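A quick write-up on the structure given underneath.
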Amino acid sequence: MIHIAYKHYEALRAHGEETYPHECCGVLLGKSEADGNHVYEIVRAGNTRTDSAHNRYQIAPIELVKIQRQARGLGYDIVGFYHSHPDHPAMWSKTDFAEAHWMGCSYIITAVEKGASKITNSFLLTGTGEDDKAFQDEGVTIEVMQSAEVEQLQGETA
Amino acid sequence: MKIHIPTPLRAYTEGKETVGVTAENVSGALDALTTEFPALRQHLFTPEGKTRSFVNIYLNDDDVRYLPEKEAAPVVESDELTIIPSIAGGCCLCCL
Numbered sequence: 000m001i002h003i004a005y006k007h008y009e010a011l012r013a014h015g016e017e018t019y020p021h022e023c024c025g026v027l028l029g030k031s032e033a034d035g036n037h038v039y040e041i042v043r044a045g046n047t048r049t050d051s052a053h054n055r056y057q058i059a060p061i062e063l064v065k066i067q068r069q070a071r072g073l074g075y076d077i078v079g080f081y082h083s084h085p086d087h088p089a090m091w092s093k094t095d096f097a098e099a100h101w102m103g104c105s106y107i108i109t110a111v112e113k114g115a116s117k118i119t120n121s122f123l124l125t126g127t128g129e130d131d132k133a134f135q136d137e138g139v140t141i142e143v144m145q146s147a148e149v150e151q152l153q154g155e156t157a
Numbered sequence: 000m001k002i003h004i005p006t007p008l009r010a011y012t013e014g015k016e017t018v019g020v021t022a023e024n025v026s027g028a029l030d031a032l033t034t035e036f037p038a039l040r041q042h043l044f045t046p047e048g049k050t051r052s053f054v055n056i057y058l059n060d061d062d063v064r065y066l067p068e069k070e071a072a073p074v075v076e077s078d079e080l081t082i083i084p085s086i087a088g089g090c091c092l093c094c095l
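Protein chains in written order, with numbering that gives the first Met the number 0: chain P, 0 to 157; chain D, 0 to 95.
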């Protein structure tokens, strides 16, 4: 199970619409807990696959290094990644699987049809290494702001 | 110097995000790391001892593969090594 705040969930879906017809990609920062990965921040990343951005994505390693540094500064870890599939189902592809190496992390995929985000799914990469890795469907818990937080926010903005 | 471990490999470093080692160069630092945590070796290197293709090793902000001395690049105490597996994919119809 992956837990993500509504604002982050909407932000990653919006990212896929913005980059359509190209794939978007980004990193999920948070903490891995007993009940799954909890996302506390998302970071947009550039897609370096400009040669085939409509059906491939890649995050530059140096960008990942900097994002990992950012996560450390916030007291978070990299707990997953997200990307979009323009005009393609929100299911992992052979390419996604072959290029997945972050065991224990969540891979969120959003199908973007004709520029509009549709289904968003998440897959947990399980296993101990390349020989036994597998993508496992995982539920997505979208956390909405508690009423007390809304009241506080309204008080701050009043 | 510090070596930063990515989330998936912390299972082999007793959960440590950062490991401190003493070494003269990158290769020595990685040797020290995998001597302390032997189970890490197979995830970083092929049986032939080469860095796995999807594993990136950065000395501060520089990819070690592109340094003139590569793994023989000298390091000092204040340097930081970051191990970062690659991330890529896509719906890529050609691969389905």
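Idealized CB from N, CA, C, for every residue including glycine. No experiment lies behind these values; they were computed from the predicted model shown.
Closest by C-alpha distance to residue i, when choosing among the options
i                  : options                                      : result
Pro-84 of chain D  : P:Glu-62, P:Lys-30 and P:Gly-138             : P:Glu-62
Asp-60 of chain D  : D:Thr-45, D:Glu-79, D:Glu-70 and D:Thr-50    : D:Glu-79
Pro-85 of chain P  : P:Leu-123, P:Gly-45, P:Lys-6 and P:Ser-116   : P:Ser-116
Gly-74 of chain P  : P:Ala-133, P:Lys-30, P:Ser-51 and P:Asn-120  : P:Lys-30
Glu-95 of chain P  : P:Thr-127, P:Ile-3 and P:Leu-123             : The displayed chain sequence assigns Asp, not Glu, to residue 95 of chain P. The shortest Cα separation from Asp-95 of chain P among P:Thr-127, P:Ile-3 and P:Leu-123 belongs to P:Leu-123.
Glu-98 of chain P  : P:Thr-49, P:Val-143 and P:Phe-134            : P:Phe-134
Tyr-81 of chain P  : P:Lys-132, P:Tyr-19, P:Asp-130 and P:Asn-120 : P:Asn-120
Thr-50 of chain D  : D:Glu-23, D:Glu-70, D:Thr-12 and D:Phe-36    : D:Glu-70
His-37 of chain P  : P:Arg-55, P:Lys-65 and P:Tyr-8               : P:Tyr-8
Ile-118 of chain P : P:Gly-128, P:Thr-125 and P:Ile-107           : P:Ile-107
Glu-161 of chain P : P:Glu-32, P:Lys-65, P:Asp-50 and P:Ala-4     : Because chain P spans 0 through 157 in this model, residue 161 of chain P falls outside it and cannot be assessed.
Gly-48 of chain D  : D:Thr-33, D:Leu-58 and D:Pro-73              : D:Thr-33
Arg-9 of chain D   : D:Met-0, D:Val-75, D:Gly-88 and D:Pro-37     : D:Pro-37
Asn-24 of chain D  : D:Val-75, D:Thr-81 and D:Ile-86              : D:Val-75
Arg-71 of chain P  : D:Tyr-11, D:Glu-16, D:Lys-1 and D:Pro-7      : D:Glu-16
Glu-16 of chain P  : P:Gly-114, P:Cys-104 and P:Arg-43            : P:Gly-114
Met-0 of chain P   : P:Thr-127, P:Val-78, P:Pro-88 and P:Glu-129  : P:Val-78
Val-63 of chain D  : D:Ser-77, D:Thr-81 and D:Pro-46              : D:Thr-81
Thr-6 of chain D   : P:Arg-12, P:His-14, P:Thr-47 and P:Glu-32    : P:Glu-32
Tyr-19 of chain P  : P:His-100, P:His-87 and P:Tyr-39             : P:His-87
Glu-40 of chain P  : P:Lys-6, P:Asp-34 and P:Pro-60               : P:Lys-6
His-3 of chain D   : D:Thr-45, D:Gly-27 and D:Tyr-57              : D:Tyr-57
Gly-126 of chain P : P:Glu-142, P:Trp-101, P:Arg-68 and P:Leu-11  : P:Trp-101
Thr-45 of chain D  : P:Arg-68, P:Arg-48, P:Cys-24 and P:Glu-129   : P:Glu-129
Glu-137 of chain P : P:Met-144, P:Val-143, P:Met-90 and P:Ala-44  : P:Met-90
For residue i, the first and last residue of its enclosing beta strand (DSSP E)
i                  : result
Thr-119 of chain P : 115 to 125
Val-111 of chain P : 105 to 112
Thr-140 of chain P : 139 to 142
Ala-52 of chain P  : Careful: Ala-52 of chain P lies outside any beta strand (DSSP E) and carries neither H nor E.
Glu-79 of chain D  : 79 to 84
His-21 of chain P  : No beta strand (DSSP E) holds His-21 of chain P; DSSP gives it neither H nor E.
Ile-2 of chain D   : 1 to 3
First and last residue of the uninterrupted alpha helix (DSSP H) at residue i
i                  : result
Ile-66 of chain P  : 60 to 73
Ala-28 of chain D  : 25 to 35
Thr-12 of chain D  : Segment: none, Thr-12 of chain D is in no alpha helix (DSSP H) and carries neither H nor E.
His-7 of chain P   : 5 to 18
Lys-93 of chain P  : 93 to 97
His-100 of chain P : That residue, His-100 of chain P, is in no alpha helix (DSSP H); it is neither H nor E in DSSP.
His-42 of chain D  : 40 to 43
DSSP bridge partner residues for residue i (one or two, in chain order)
i                 : result
Val-26 of chain P : P:Val-42 and P:Phe-80
His-2 of chain P  : P:His-37 and P:Thr-140
Val-18 of chain D : D:Ile-2
Original post:
What residue ranges within the region 50 to 74 of chain D form continuous beta strand (DSSP E) runs of no fewer than 3 residues, ordered along the chain?
Top reply: 54 to 58
Original post:
Got a sec: which bits of the region 6 to 17 of chain P sit with their beta carbon under 7 Å from any beta carbon on chain D, in order along the chain?
Top reply: none
Original post:
Of the residues that make up the region 107 to 140 of chain P, which ones have a beta carbon closer than 7 Å to any beta carbon in chain D?
Top reply: Gly-128
Subject >> Residues in the region 73 to 93 of chain D having any Cβ partner in chain P nearer than 7 Å >> reply: Thr-81, Ile-83, Pro-84, Ser-85, Ile-86, Ala-87, Gly-88, Gly-89, Cys-90, Cys-91 and Leu-92
Original post:
Using a beta-carbon distance cut-off of less than 9 Å, what residues from the region 48 to 64 of chain P approach chain D?
Top reply: Arg-48, Ser-51, Ala-52, His-53, Asn-54, Arg-55, Tyr-56, Gln-57, Ile-58, Pro-60, Ile-61, Leu-63 and Val-64
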